[in-house]
Each structure stands twice: as structure tokens, then as C-alpha cells.
Amino acid sequence: DGGITQSPKYLFRKEGQNVTLSCEQNLNHDAMYWYRQDPGQGLRLIYYSQIVNDFQKGDIAEGYSVSREKKESFPLTVTSAQKNPTAFYLCASTNRAYEQFFGPGTRLTVL
Amino acid sequence: RKEVEQDPGPFNVPEGATVAFNCTYSNSASQSFFWYRQDCRKEPKLLMSVYSSGNEDGRFTAQLNRASQYISLLIRDSKLSDSATYLCVVNIINNFNKFYFGSGTKLNVKP
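Protein chains in written order, with the working numbering: chain A, 1 to 111; chain B, 1 to 111.
Quick look at the structure:
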């Protein structure tokens, strides 16, 4: 089955710790995105990548970093500089009809 | 001003009712339009794309009014399983293919 996988499903971070969220897709999509969703809020764009080895900051990139070394993979690192990282993180990729498909998400909680 | 605005609801309707949601967008350069459904604590899932001439998928009808910059979603014969949050999404291809999400409209279908 084609799709987008994210891991882990739940993640707990201690203060001052960096953590990396995994996102993999086998849909052969070029564009991939990371969003953050807070309770009762809409999705906010963190980073996006249109092609391998290239990515751009979204609206709330501070405290986050990404890499795009392979077409299938777009990991997100939440650094200690992100002051309020507790949220639901969603990875997505886009087909040529500009339809966006999401992974199941990772819930990050700061202890 | 937000790029995409939706009435947060909730819309509480009985089974079998017809319900309509509207969404307005601010950027006239918006080129692609979508409705997503998001269940509680889950990822958004594509419900339907919205085409200029309007389109229908079973009980769901989507319409686009470019002149007034709004998108609508009509759900006929509501089912209990339609209870979810409905997200309006617009895409600006020329702006690095960014997507803008509304905060969502919550629908509760009651027996």
C-alpha cells in the first residue's frame, strides 16, 4: 500500500533535549511538508520541500530543522530552542494535482 | 487577516439534515481548493477537491465562487459518521506551492 508513515506516534521530550520525528512516503511525491497543530487550532506550516536537497521555512520555523536527503524521507528535528513544542505534528506530501495527503501524525509532549 | 476563514461552529444537526459550510479566502491568486475532513485526534483526510464549475461526490457538493472568494460544502442526508471537523484549504501554486488551512468547522450529527 502506498502512503505516508510517521514515527513515533507518541513522543515525550525532556527540557533541553532535541528530538527527531520521522516521515517517510512511498507515493513518489516530490513535495513534502511539516505542520504543527495545537488543540482547537488550524495547521501551521513549519517547513516544506519541493525537491530533494532543497527546503524552505514556513511560518513557524524557529526552533525546528529539517533535511531532505532522499525523496522518500523528510525528518523534522525539534530543537531545545523551540520553547513550546507540545503539539500534534503532521507530515504531508503532495501529488501533481496539488492534493495533499497526510501521515497519521506524532504527538509530542514536553515533560 | 487570515488567509482562510471558516465559521468554527459547532453545527449541531439531526440525522438526515442538509448542512452547508462556507469558507472565504483572501488571496485572489489562490488556484486550487479543497475540503478535508479531520476526526478527533486524527490526521486530515482529503474529502474532495473543488472545481470552478462545482462538483459532487455522492452526498457532498462543493462549489467555488472566485468573484466573491468563497468556497462552500453541502452535505445532504447527514449521517452520524459525518460528525467531524471540516477544513477548507487553498493552494497558491506560484507561492512555492504553499497550502493555507482554515481552522475548521465542527459538525455534530445527532440521532
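Cβ coordinates follow ideal geometry from the N, Cα and C atoms, glycine included.
Fully contained in the region 1–84 of chain A are the following beta strand (DSSP E) runs of length 3 or more, in chain order: 4–7, 10–13, 19–25, 31–37, 43–51, 54–57, 64–66, 76–78.
Between the region 37–53 of chain A and the region 91–105 of chain B, the count of Cβ pairs shorter than 8 Å is three or higher; the stretches touch.
For A:Y47, there are no C-beta contacts with chain B under 9 Å, since the nearest C-beta of that chain is about 11 Å from it. When 7 Å is used as the limit between beta carbons, A:E24 is near no residue of chain B, the shortest such separation being about 15 Å. Look at A:L111 here: in three-state DSSP terms it is coil, with no helix or strand label. A:T106 sits away from A:Q37, with the two beta carbons spaced by 7 Å or more. For the pair A:Q41 and B:F60, the Cα-to-Cα distance works out to about 25 Å. B:D39 carries a coil assignment under DSSP once its states are collapsed to helix, strand and coil. Proximity of B:P44 to chain A, defined by a Cβ-Cβ separation below 7 Å, is satisfied. Residue-level contact by beta carbon fails for A:P39 and chain B, as no gap is shorter than 7 Å. L90: these are the residues of the region 66–92 of chain A whose beta carbon lies less than 7 Å from some beta carbon of chain B, given in chain order.
By the rule that beta-carbons nearer than 7 Å mark a contact, B:F101 touches chain A.
In the three-state DSSP reduction, B:S81 falls in the helix class (H, G or I). Our two residues, B:N65 and A:Q82, have alpha carbons roughly 40 Å apart in a direct line.
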